[in-house]
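Below is one structure, written out as structure tokens, with a few remarks after it.
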Amino acid sequence: MKDFKTLKKNLKTIPAGLSSVKVALLGDTATQFLATAIRGEGVDRGLDINLFEADFNQVQQQFFDPGSELYAFQPDYIVVFQSTHKWLAQHALRDESGKAQLADERLDFVRTICSLTNARIIYLNYPEIDDSVFGSYANRVPTSFIWQVRKFNYHLMELSQQIQNLFVCDVSALQAKFGRDLFFDASVYTSTEMILSIDALPWVSARILDILCALRGRFKKCLILDLDNTIWGGVVGDDGMEGIQLGHGLGIGKVFTEFQMWIKKLKDRGIILCICSKNDEDKAKEPFEKHPDMVLRLDDIAVFMANWDTKVDNIRAIQQILNIGFDSMVFLDDNPFERNIVREHIPDITVPELPEDPADYLEFLYAQNLFETASYSATDKDRTKQYQVEAQRTSYAKSFKDEAAFLRSLNMVSKVEGFTRFNTPRVAQLTQRSNQFNLRTVRYTEGEIAAVAENPDRIPIAFSLKDKFGDNGLICVIILEKLDADSLFINTWLMSCRVLKRGMEDFTLNTIVAVAREKGVKRIIGEYLPTPKNGMVREHYDRLGFKPLGEGRYELRLDEYTDRTCYIQIESE
Amino acid sequence: MERNEIFSRLEEVFRDVLDNDEIVLTDTTTADDIEEWDSLTHIQLIVAIEKTFQVKFTSKEILSWKNVGELADCIQSK
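Residue numbers (our numbering), protein chains in the order written: chain A, 1 to 573; chain B, 1001 to 1078.
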């Protein structure tokens, strides 16, 4: 972790070409250093943060005055930092019944501020202060401070499930990891009203930026693992399958078992696992098939690369198969030499500097918080399966000479529907995850997707795709906007890269045109907004027969359109 | 610790934290003499000095120094 001084130096010369984002910071203590740390951390993440810092202790005024600087600033994100410390002082001044109301009143306040803005609110929860008035007996006393703090933090989680623009930044977990004595410096507080120690600032700002970046579609999707001395102890090629350290018997085997349990949980929540190891393939796979103490099995792994090519080549091959950016990948390897080579050749990939002792791997990785996310849906656990099927499909395609014959033989069927209660989480998630095949890269939260579904001037369409190999799930999202009586505008056209080269674009356009004809409009307007990642669709509208209007806009006249050939059937109800 | 050693280490801390290699400290140097030294960077300096000299200042001490000389006295007394 960079120290505060280094983050501050980031701001001396902000590199050109960073994305600009507007963040407001409201707190009830002195927040100047936190503001500096957030902006400095932003630079490291490619963001030029335009930060509005409210005057000292103005959280209420800024939210409740409709003419406040906060609303005039029109922030994309509002970071709210109300401190446990100031709350403790309020607790002290209250009578017994007032103390009992502390958490509920603050929860009402959070609920209210969320309803006053459309900006995303990143709310810092409360690191515990045990005032030791009751000792451990406080756990029996609802008016005790610790009871109220824990009650608040717990109900805040529930609140963030209900309120779509509320995101909790878990500073409490962070303090649990590093300890209150690192987080709070009494003499700094006394002389400056600053509640976070200088050493805590980089951690807190990193957690805030983790959330902000995830909301902007930047998060990790894939974990690539070395084998020997990374997920088991020893070298399987030398020690044999029986000789590797795993489980509660041999050596420090339990360390690796627990490490694998963590990795398995990541996989179950949607992180794609891949193997990249210098080994003979059969020897490398044997523990996955036969070792009784392996937690990870072959069907947990999307791409298994065990050979004697360089790791750089293998990671590039994995990237080709998965079709996701290097910046969404994490590579774990115990060998510092391999780590450096990979960093040098693939600068965008994240390669944590694993500690020397494998016993330290987990606590080290917990602190890195590599896998922040802005969404989670129950189908995420199937993602690995889908990439495995994709690998099968690729080898099947090679047996055809003619692309049309291949596509026809897939027996593709697409389900076309609006946005519903059931598909809203997945639709929102796709708008956040899709970077490459995404024409305008508009990100939506679940709440915003639900609002689109209700808006009479919007036409939402969601596509799912099945074929003989399996179900790809919901893979394409369209949002059409009524511009005027004659025109529809394609506000959103995005597609998962899992289904490239299947004619899904043609099928989608046929569907859009059918909808447009039903509405009686004459033309459809599309727009391409370039980002560093969506070069793949630069010529999307040209390819589909739209006429350029200039400035990234395109037009398709319906009277000139005939349905495009494709090999996808509409699923009948 | 010798007073001139304290001063040379203090100078290093000031130059590093305030990002200015031209800073020279004397007994009578105050915040008015150094552009980058304000109430905010002051606290960064204190924390960095505490780490460098492995001492801990009391809140009262932090508010009491009138110049770098008094700060050096305080370090020397620890």
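Backbone N, C-alpha and C fix where the C-beta goes; we use that ideal spot for every residue, glycine too.
Checklist entry - chain A beta carbons: is any one of them nearer than 7 Å to that of D1043/B? => result Per the sequence shown, residue 1043/B should be read as Ile rather than Asp. Answer yes: the Cβ-Cβ gap between I1043/B and chain A drops below 7 Å somewhere.
Checklist entry - Which bits of chain A does D1073/B rub up against, with CB to CB less than 9 Å? => result Correct list: empty, because the minimum Cβ distance to chain A is about 18 Å.
Next on the checklist: Could you check whether the stretch 1008 to 1015 of chain B touches the stretch 550 to 565 of chain A, counting it as contact only if at least three pairs of C-beta atoms, one from each stretch, sit closer than 8 Å?
Outcome noted: no
Checklist entry - Whose Cβ in chain B lies nearer than 9 Å to the Cβ of M305/A? => result Near M305/A there are no residues of chain B at all, since even the closest Cβ is about 45 Å away, more than 9 Å.
Checklist entry - For F489/A, which option in I208/A, T36/A, I512/A has the closest C-alpha, if you only look at C-alpha atoms? => result I512/A
Item to check | Contact belief for V477/A with L430/A at Cβ below 8 Å, rounded distance in angstroms | outcome: 5 Å
Next on the checklist: Per DSSP, what are the beta-bridge partners of K415/A in this structure?
Outcome noted: S464/A
Next on the checklist: With a threshold of 7 Å between beta carbons, is S83/A in contact with chain B?
Outcome noted: no
Checklist entry - Straight-line CA distance for S1064/B to L201/A? => result 26 Å
Item to check | Assigned secondary structure, T424/A (DSSP; H/G/I helix, E/B strand, else coil) | outcome: helix
Next on the checklist: Between S1077/B and chain A, is the shortest Cβ-Cβ distance under 7 Å, so that the two count as touching?
Outcome noted: no
Item to check | Proximal chain A residues relative to D1033/B, where beta-carbon distance stays under 7 Å | outcome: Those do not exist, as D1033/B stays about 20 Å from chain A at its closest Cβ, beyond 7 Å.
Item to check | N314/A in three-state terms, based on DSSP | outcome: helix
Checklist entry - Between the Cα of G270/A and the Cα atoms of D65/A, E372/A, T531/A, Q162/A, which residue gives the shortest distance? => result E372/A
Checklist entry - Closer than 7 Å, CB to CB, is V312/A near chain B or not? => result no
Checklist entry - In chain order, which beta strand (DSSP E) runs of at least 3 residues are fully inside the stretch 437 to 484 of chain A? => result 458 to 467, 470 to 484
Checklist entry - How is C1074/B classed by DSSP in three states: helix, strand or coil? => result helix
Checklist entry - Are three or more beta carbon pairs between the stretch 191 to 198 of chain A and the stretch 142 to 151 of chain A nearer than 8 Å? => result no
Checklist entry - For K5/A, which residues in chain B fall below 9 Å Cβ to Cβ? => result D1016, V1017, D1019, Q1044, A1048
Checklist entry - S277/A bridges to which residues according to DSSP? => result A306/A
Checklist entry - Using CA coordinates, which residue listed in V204/A, E286/A, F256/A is at the minimum distance from G237/A? => result E286/A
Checklist entry - Along the chain, where does the beta strand (DSSP E) that runs through S160/A open and close? => result Taken as a continuous stretch (DSSP letters only), S160/A belongs to no beta strand (DSSP E), being part of the alpha helix (DSSP H) at 145 to 162.
Item to check | Option nearest P358/A by Cα separation, candidates G253/A, K482/A, T350/A, K466/A | outcome: G253/A
Next on the checklist: According to DSSP, C566/A sits in a beta bridge with which residue or residues?
Outcome noted: Paired residues: none, contrary to the question.
Checklist entry - Among M504/A, D65/A, V351/A, which one has its Cα closest to the Cα of S328/A? => result V351/A
Next on the checklist: So for D559/A, helix, strand or coil by DSSP?
Outcome noted: helix
Item to check | Range covered by the alpha helix (DSSP H) that runs through W87/A | outcome: 84 to 93
Next on the checklist: Any C-beta of chain B within less than 9 Å: which residues of the stretch 179 to 204 of chain A qualify?
Outcome noted: D185, A186, S187, V188, Y189, T190, S191, T192, M194, S197, I198, D199
Item to check | C-beta neighbour in chain A for L1040/B, strict 7 Å | outcome: yes
Checklist entry - Which term fits D559/A, buried or exposed, when burial requires 16 or more other beta carbons within 10 angstroms of its beta carbon? => result exposed
Item to check | K522/A versus I459/A, E555/A, V499/A, A37/A, residue with shortest Cα-Cα distance | outcome: E555/A
Checklist entry - Are V168/A and S160/A close, meaning C-beta to C-beta below 7 Å? => result yes
Checklist entry - What residue ranges within the stretch 221 to 259 of chain A form continuous beta strand (DSSP E) runs of no fewer than 3 residues, ordered along the chain? => result 222 to 225
Item to check | For N1067/B and T1041/B, believed in contact at Cβ under 8 Å, the rounded distance | outcome: About 16 Å; that fails the 8 Å criterion.
Item to check | Status (buried if at least 16 other CB within 10 Å, exposed otherwise) for S572/A | outcome: exposed
Checklist entry - Using Cβ-Cβ distances below 9 Å, what residues of the stretch 23 to 42 of chain A are close to chain B? => result A30, Q32, F33, T36
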